[in-house]
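Student: The sequence shown begins at 2 in our numbering and counts up by one. Idealized CB from N, CA, C, for every residue including glycine. Computed from a predicted model, the values in this text were never measured in an experiment.
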Amino acid sequence: MKILLCDDDPVFCDDLERYLEQYEITNKEEFVIRKVYSGQDALNQLKKEKWDVLFMDIEMPHIDGVEVGVRVREQLNNYSLKIIYVSSKCGYAMDLFKVNTFDFLIKPVSYQDLEVVMNKLENSMNRSGEMFVYHKKGQTVRCLLDDILYFESSLKKTIIVTKTKTDEFYASLKDVYEELKDKSFFYCHKSILVNYNRVSEFYYDRLVLDNNEELEISQAKRKEVRKLISEMGMVG
2 MKILLCDDDP VFCDDLERYL EQYEITNKEE FVIRKVYSGQ DALNQLKKEK WDVLFMDIEM
62 PHIDGVEVGV RVREQLNNYS LKIIYVSSKC GYAMDLFKVN TFDFLIKPVS YQDLEVVMNK
122 LENSMNRSGE MFVYHKKGQT VRCLLDDILY FESSLKKTII VTKTKTDEFY ASLKDVYEEL
182 KDKSFFYCHK SILVNYNRVS EFYYDRLVLD NNEELEISQA KRKEVRKLIS EMGMVG
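Quick look at the structure:
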């Protein structure tokens with residue numbers, strides 16, 4: 002796993018690196034870790050190389066951490082990078098929704114704090130090879146969970162929308178939800194089930210997917226969606 006650390010405080014970067022190395026040894030992982038000390042340096046690294054994870058301080062001079070996240074998603078078109086924000090302050094919720102933040106840590110960060118986030122990260126990455134299986138006209142069709150954008154109910158059928166195709170099969174959306182509710186899928190509307198990991202931006206009444214498609218968050222589901230985002234770590 003390639004991990005980029007960005008904070009204008011070198012001491013904090015060193016502490017975080019030490020915690021990651023401890024986690025690496027304890028869990029028999031292999032990390033490549035690099036430290037940078039400005040938002041621009043982080044962007045330069047992300048342009049040059051593929052990184053899996055970015056630990057990003059929010060309060061940075063010149064280009065702050067939120068702006069780095071926006072540029073990563075919108076200018077670099079990078080939606081696979083897991084961004085974990087770090088700050089001594091809360092209150093960034095709506096800003097962090099916009100860049101599909103993986104998690105949020107409050108300074109000072111302990112090893113135990115980091116361990117919780119890294120375990121969550123490992124689980125998320127291990128999930129990337131999981132498949133969703135459905136049946137259509139006597140055939141069995143398999144789709145990578147991470148390729149699925151959303152499901153939508155349509156009479157007695159369910160429509161599946163992935164990064165490369167749209168298809169439909171006989172099943173209720175409720176049955177699909179029961180299968181995937183522990184796999185980061187959630188209702189944004191009673192008839193739409195969304196893959197949280199394929200959302201690039203959250204707003205109060207809508208969300209934007211990796212393919213720039215917008216979906217309404219119904220009034221009845223807004224409270225649930227905000228609660229989910231908080232539980233997924235996007236609010237400290």
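Compute the distance between the beta-carbons of D58 and M2, then report whether it is under 9 Å.
Tutor: no
Student: May I ask you to verify whether the region 72–85 touches the region 22–39, counting CB pairs closer than 8 Å and requiring at least 3?
Tutor: In short, these stretches do not touch, since the Cβ pair count stays below three.
Student: To the nearest angstrom, how far is the alpha carbon of S1 from that of N124?
Tutor: No information on residue 1 is available, as it lies outside the stretch 2 to 237 that the chain covers here.
Student: Buried or exposed: which applies to M119, given that a residue is buried once 16 or more other Cβ atoms fall within 10 Å of its Cβ?
Tutor: With 16 or more other Cβ atoms within 10 Å, it is buried.
Student: Return the chain-ordered list of same chain residues with a C-beta closer than 6 Å to the C-beta of R259, the five sequence neighbours on each side being excluded.
Tutor: The question about residue 259 has no answer, for the chain in this structure spans 2 to 237.
Student: DSSP state of K222, grouped into three classes?
Tutor: helix
Student: Note down, in chain order, each residue of its chain lying with its Cβ closer than 8 Å to the Cβ of I160, except the 5 sequence neighbours on either side.
Tutor: F152, E153, S154, T167, D168, E169
Student: Look at the alpha carbon of L5 and the alpha carbon of M126, and state the distance between them as a whole number of angstroms.
Tutor: 16 Å
Student: Using CA coordinates, which residue listed in Y171, L181, I193, E180 is at the minimum distance from K137?
Tutor: Y171
Student: Enumerate in chain order the residues of its own chain whose CB-to-CB distance from E100 is below 8 Å, with the five nearest sequence positions on each side excluded.
Tutor: Checking the displayed sequence, the identity of residue 100 turns out to be Val instead of Glu. Within the same chain, V100 has close Cβ partners V67, G70, V71, V73, R74, I84, S201, E202.
Student: Label L55 either buried or exposed according to how many other C-beta atoms from any shown protein chain fall within 10 Å of its C-beta, with 16 as the threshold for buried.
Tutor: buried
Student: Which term fits V226, buried or exposed, when burial requires 16 or more other beta carbons within 10 angstroms of its beta carbon?
Tutor: buried
Student: Leaving out the 5 sequence neighbours to the left and right, which residues in its chain are closer than 7 Å to E116 when beta-carbon positions are compared?
Tutor: Y24
Student: Starting from the C-beta of K36, find all residues in its chain whose C-beta is less than 7 Å away, skip the five residues before and the five after it, and write them out in chain order.
Tutor: Beyond the five residues adjoining it in sequence on each side, K36 comes within less than 7 Å, by CB distance, of L6, C14, E18 in the same chain, given in chain order.
Student: For V12, count neighbouring C-beta atoms within 10 Å of its own C-beta (all shown protein chains included) and say buried if the count is 16 or more, exposed if not.
Tutor: exposed
Student: Rounded to a whole number of angstroms, what is the C-alpha to C-alpha distance between I64 and K157?
Tutor: It is roughly 50 Å from the alpha-carbon of I64 to the alpha-carbon of K157.
Student: Closer than 7 Å by C-beta to S231: which residues in its own chain qualify, once you throw out the five before and the five after it? Chain order, please.
Tutor: none
Student: By DSSP, does L44 sit in helix, in strand, or in coil?
Tutor: helix
Student: Counting only the same chain and skipping the five closest in sequence on each side, list residues whose C-beta sits under 6 Å from that of D206.
Tutor: Excluding residues up to 5 positions away in sequence, I218 lie with their Cβ nearer than 6 Å to the Cβ of D206 in the same chain.
Student: Excluding five sequence neighbours on each side, which residues of the same chain lie with their C-beta closer than 6 Å to the C-beta of S185?
Tutor: Close CB contacts of S185 within its chain, under the 6 Å cut and outside five residues either way in sequence, are with Y197, N198 (chain order).
Student: Where does V110 sit, in a helix, a strand or coil, going by DSSP?
Tutor: If DSSP states are grouped into helix, strand and coil, V110 belongs with coil.
Student: Our contact map puts L82 next to K48 with C-beta atoms below 8 Å; I'd like the distance itself, whole angstroms only.
Tutor: Cβ-Cβ separation between L82 and K48: approximately 12 Å, too far for a contact (criterion under 8 Å).
Student: From G237 to F105, what does the alpha carbon distance come to, in whole angstroms?
Tutor: Low confidence applies to G237: its pLDDT is 35, below 50, so where it sits in the model is not reliable enough to give any reading.
Student: Judging by CA-CA distance, which residue of V177, K90, Y112 is the nearest neighbour of M132?
Tutor: Per the Cα distances, V177.
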